[in-house]
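In our numbering, the protein residues as written are 3 to 211.
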C-alpha cells in the first residue's frame, strides 16, 4: 500500500499559535542551553514550530511572547514599526527631574564599542507595582540607600538598553520587569506562568486583516 505524501503547507493552512509567559529571573529566553541552565522548555510543552519573539536577559523578568506567526515576528522585531514596550524598573537612588528628562529625550549608551543615542522614551516615577511577584533571590537590600520604581516605555530594543540608560543618568537598575508589549499586558501573573493568546490580542499593531 502506497503511503500518502504530505504536501508542504502554507502558513495560512497552518494553525497560528500565540503564547505569553512571565519569564522568571535567571531563566534564559531560549529552550535549551549547553551549560544546562534553565530554559523555556522547563515551563511548558510548546509546539515544535513555536519560538520566542526577541528576548529578555537572564537577569530580567516579565513578558515574553512566543509564536509560529512570522508576520507577527517581523512586526515586533522590526524597529521601523516602533511598537511600545513598557518596563517597570527598580533603580538605586532618587531620580531628579533632569535625570528623567534625559531618559525621555535620549541618552548616549555604549553598544559594542559604538556610541548610540537612544530614541525618545517615556519615563515616569511610579509606586511599586502591587501585583508584582516576589523575585527569587530578592535584590540586595541597603537600608541607607533609597530605591525608586520607574515606568519606562521604549519603541526600540537595543541590548540591555534599559540598564544602560539608567546607568547613564546615575540610577543603576536593581530589578527589571517587562510589563507590556503593545496591548499584551503581564497583568496579575505569577513568575513562570504561561497563557495562550489569539490574533485579537495584537490588533493594535495593525498587521492582521
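Idealized CB from N, CA, C, for every residue including glycine.
Are the CB atoms of residue i and residue j nearer to each other than 8 angstroms?
i	j	result
residue 181	residue 118	no
residue 40	residue 54	no
residue 196	residue 20	no
residue 34	residue 92	no
residue 171	residue 104	yes
residue 175	residue 164	yes
residue 101	residue 173	yes
residue 199	residue 22	yes
residue 247	residue 27	The displayed coordinates of the chain run from 3 to 211. Any statement about residue 247 would go beyond what the structure contains.
residue 18	residue 51	no
residue 115	residue 79	no
The alpha helix (DSSP H) with residue i in it runs from where to where?
i	result
residue 107	99-107
residue 165	163-170
By the three-class DSSP mapping on this structure, what secondary structure does residue i have?
i	result
residue 211	Low local confidence applies: a pLDDT of 42 at residue 211 is under 50, so the model's placement there is unreliable, with the coordinate-based value given in what follows. Coil at residue 211, not helix or strand.
residue 23	strand
residue 1	It is not possible to answer for residue 1, since the shown part of the chain is limited to 3 through 211.
residue 36	coil
residue 72	helix
residue 80	coil
residue 202	helix
residue 63	strand
residue 13	With a pLDDT of only 44 at residue 13, under the threshold of 50, the placement of this residue in the model should not be trusted; the figure read from the coordinates follows. Looking at residue 13 - three-state DSSP - the assignment turns out to be helix.
residue 143	coil
residue 124	strand
residue 29	coil
residue 134	coil
residue 178	strand
residue 4	Its pLDDT being 45, under 50, residue 4 is placed unreliably in this model, and the value from its coordinates should be taken loosely. Looking at residue 4 - three-state DSSP - the assignment turns out to be coil, as it is neither helix nor strand.
residue 18	coil
Could you tell me if the beta carbon of residue i falls within a distance shorter than 7 angstroms of some heavy atom in the ligand NAD?
i	result
residue 80	In terms of ligand content, the structure shown is empty, and the ligand NAD therefore cannot be addressed.
In the DSSP assignment, the beta strand (DSSP E) including residue i goes from what residue to what residue?
i	result
residue 45	It is not in any beta strand (DSSP E) - residue 45 carries neither H nor E in the DSSP assignment.
residue 155	149-156
residue 113	110-113
residue 195	Run containing residue 195: none; DSSP gives neither H nor E here.
residue 55	Run containing residue 55: none; DSSP gives neither H nor E here.
Please confirm if residue i has its CB atom under 8 angstroms from at least one CB of chain B.
i	result
residue 34	No chain B is part of this structure, which consists of one protein chain only.
Meets three-Cβ-pair contact criterion under 8 angstroms: the region 172-189 and the region 64-76: yes
Are three or more beta carbon pairs between the region 187-201 and the region 158-172 nearer than 8 angstroms? no
Pairing CB atoms from the region 123-134 with CB atoms from the region 97-108, are three or more of them under 8 angstroms? yes
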